[in-house]
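Numbering (this note's numbering), first residue to last: 111 to 252.
Note that CB positions come from ideal geometry on N, CA and C, so glycine has one too.
Here the structure is laid out as structure tokens; the discussion comes afterwards.
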């Protein structure tokens, strides 16, 4: 089974400006995308999970802390699951790949941060594969 991981992008800067690219990101699976722009750094968006839906997270403005849990039982997940933490920021071109089977949560680390989220499911498919857990499901430090 695929694990959550980072895909490294690259950039090129010259007198004309900057170019950021992800030539190793095959977008054939992507069906839709959306942008999340939290109103403040105090907001924590957690926990949403999908058994099958795959997502890709890209921070193009500011920075985010993203936390993931590999879910063992979607109806009654264990309280002691190990957390995986990823830092995404605009100055380091990275895409976080999150296959199905994970719960995700994230928090902006800088005002004005924006996160692009790509998905391989339509909205209606995603809604049928959606699991939500309370913020205090896993007591972690943000």
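Residue interval of the alpha helix (DSSP H) (run including residue 233): Bounds of the alpha helix (DSSP H) holding residue 233 are 233-238.
Is residue 151 closer than 8 Å to residue 177 when the C-beta atoms are compared? No. Outside cutoff.
Can you tell me whether residue 211 is buried or exposed? The criterion is at least 16 other CB atoms within 10 Å of its CB, across all chains shown. With 16 or more other Cβ atoms from the protein chains shown falling within 10 Å of its own Cβ, residue 211 counts as buried.
Inter-residue Cα distance where the pair is residue 241 and residue 156: One alpha carbon belongs to residue 241, the other to residue 156, and they sit about 11 Å apart.
What is the residue span of the beta strand (DSSP E) that residue 179 lies within? 173-180 is the extent of the beta strand (DSSP E) around residue 179.
What's the gap between the Cα of residue 247 and the Cα of residue 147? So the two alpha carbons sit approximately 24 Å from each other.
From what residue to what residue does the beta strand (DSSP E) around residue 142 run? Secondary structure note for residue 142: its beta strand (DSSP E) is the uninterrupted segment 142-146.
Cutoff 6 Å; reference residue 228; Cβ partners in own chain excluding five residues on either side: Contacts found: 140, 143 and 166.
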